[in-house]
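The numbering of the sequence shown is numbering that gives the first Met the number 0, which starts it at 0 and goes up by one. A virtual CB, placed ideally from N, CA and C, is assigned to each residue, including glycine. Keep in mind that this is a model prediction, so the values were computed, not measured. A quick write-up on the structure given underneath.
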Amino acid sequence: MLSKTLFFTSLEKLQSESEALRAFSPSFVIAFASPTFFLIPSFRKTLTEICHNCIGCSTAGEISGNRVFENGITLVAVRFSSSAQVKIYHTRLQDMGSSFKTGQSLAGDIDNEGLRGVYLLAPGVDVNGSALLEGLTSKLPENVGISGGLAGDYGAFEQTYVLHPEGVDSRSVAAIAFYGDSLSFDYSAHGGWRSFGPARAVTSATANQLFELDGRPALDIYKEYLGEYANDLPASGLLFPFEVLNEEGQPTQVIRTILGIDESSKSLILAGEVQQSHYLRLMHASTDDLIDGAHRAIDGITNSTPNYHADCLALVTSCVGRKLVMGDRVEEEIEEIDRQLTGQVCIAGFYSYGEISPLLNKAQCELHNQTLTIMLLREAT
Numbered sequence: 000m001l002s003k004t005l006f007f008t009s010l011e012k013l014q015s016e017s018e019a020l021r022a023f024s025p026s027f028v029i030a031f032a033s034p035t036f037f038l039i040p041s042f043r044k045t046l047t048e049i050c051h052n053c054i055g056c057s058t059a060g061e062i063s064g065n066r067v068f069e070n071g072i073t074l075v076a077v078r079f080s081s082s083a084q085v086k087i088y089h090t091r092l093q094d095m096g097s098s099f100k101t102g103q104s105l106a107g108d109i110d111n112e113g114l115r116g117v118y119l120l121a122p123g124v125d126v127n128g129s130a131l132l133e134g135l136t137s138k139l140p141e142n143v144g145i146s147g148g149l150a151g152d153y154g155a156f157e158q159t160y161v162l163h164p165e166g167v168d169s170r171s172v173a174a175i176a177f178y179g180d181s182l183s184f185d186y187s188a189h190g191g192w193r194s195f196g197p198a199r200a201v202t203s204a205t206a207n208q209l210f211e212l213d214g215r216p217a218l219d220i221y222k223e224y225l226g227e228y229a230n231d232l233p234a235s236g237l238l239f240p241f242e243v244l245n246e247e248g249q250p251t252q253v254i255r256t257i258l259g260i261d262e263s264s265k266s267l268i269l270a271g272e273v274q275q276s277h278y279l280r281l282m283h284a285s286t287d288d289l290i291d292g293a294h295r296a297i298d299g300i301t302n303s304t305p306n307y308h309a310d311c312l313a314l315v316t317s318c319v320g321r322k323l324v325m326g327d328r329v330e331e332e333i334e335e336i337d338r339q340l341t342g343q344v345c346i347a348g349f350y351s352y353g354e355i356s357p358l359l360n361k362a363q364c365e366l367h368n369q370t371l372t373i374m375l376l377r378e379a380t
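This is the structure:
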């Protein structure tokens, strides 16, 4: 397997390299790019001319190598050496309420025979990411890992885009399905956030809308904790996510971000579902905490996969909330991954509105928020 990642500041520069990229004969390509590129018809045309097996999404920041960029295009190109292959699947998400059925529909199209893994890209707004993933996993084999993320638009939360060979729009869901016994996948996810305050019971919630904590309006409690930061809601919610605890009050390693507020019902709109039997606790983080989270995420892979090599591909999905906290130091979490991989592995990815990954090679896939996730793809030859 040969992998390469390139960053382009304009479509013209990508087009100038398209012939060389076609000559590379990639098995698939992925594009992570600024939302503006998805409004240009020739963007998809250029990608499909490089390789018909292509998907992509808009971002809140593009990752290429050990760098983080904005307003450009990160292109990943991978060529398999063996009989391994990919298939591209896509469907359309009508609205948030149809998220579960959309996941089921996409999974129903995917050929399960010889399926080794799935990389998923989905809209970042007006979507219930938890329900989408639940629908997908309900129809796929239990041992198939799913990774990927929800598209971004640099924190505007207005309109995101997903691209596939047949089109590009704000409601598409696209997936790469991987086939072949020679392929191996390793997964890891970690946050680095610190919890504070008491754990509060979820006493009223519907899907991803949280109405009450400990019998009180969730928005009132949240504003009390945020103090002056409450004036900047919902944007400031990215700085104070919730830790999800199970029925016994034990950590689940799942974090939920606040995407919006509803003053009329005094509720919080979360980036994923919460259950009424669970507990929530507020979290905060420093830049050093988040960089340590990145260290722990990649450490989980390098400890369990000592035989990674230069031809591996590391696809990284990190949350826009982490980027906001780290500011000018955001590249340090990607540099930490590159350092642990000794600068040998091709690294690419994006800053997202939701991260999809199993927890450290476990079969069960989760929608994460405020988390850095890594999928390491390897091919045995």
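DSSP places residue 252 in the uninterrupted beta strand (DSSP E) bounded by 250-255. One alpha carbon belongs to residue 124, the other to residue 356, and they sit about 19 Å apart.
For residue 329, there is no enclosing alpha helix (DSSP H), as DSSP marks it with neither H nor E. Nearest to residue 47 by alpha-carbon distance, out of 68, 315, 188 and 164, is 164. When secondary structure is reduced to three states using DSSP, residue 36 falls in the helix class. Close CB contacts of residue 21 within its chain, under the 8 Å cut and outside five residues either way in sequence, are with 48, 49 and 50 (chain order).
Nearest Cα to residue 127 within the set 315, 206 and 290: 206. Our two residues, residue 340 and residue 301, have alpha carbons roughly 7 Å apart in a direct line. Secondary structure note for residue 265: it is in no alpha helix (DSSP H), with a DSSP letter that is neither H nor E. Taking each of 158, 374, 61 and 200 in turn and checking the Cα distance to residue 119, the smallest one comes out for 374. If you draw a straight line from the Cα of residue 24 to the Cα of residue 337, it is about 26 Å long. In the DSSP annotation of this structure, residue 152 is not part of any beta strand (DSSP E), being labelled neither H nor E. The closest CA to that of residue 142, considering only 183, 122 and 34, is found on 183. Exposure of residue 262 is indicated by the presence of fewer than 16 other C-beta atoms within 10 angstroms of its C-beta. Of all alpha-carbon atoms in 364, 254 and 54, the one lying nearest the alpha-carbon of residue 269 is that of 254.
In the DSSP assignment, no residue is bridged to residue 239. Under the three-state reduction of DSSP, residue 298 is assigned to helix.
The residues 183 and 311, in chain order, have a CB closer than 6 Å to that of residue 377 in the same chain once the five nearest residues on each side in sequence are set aside.
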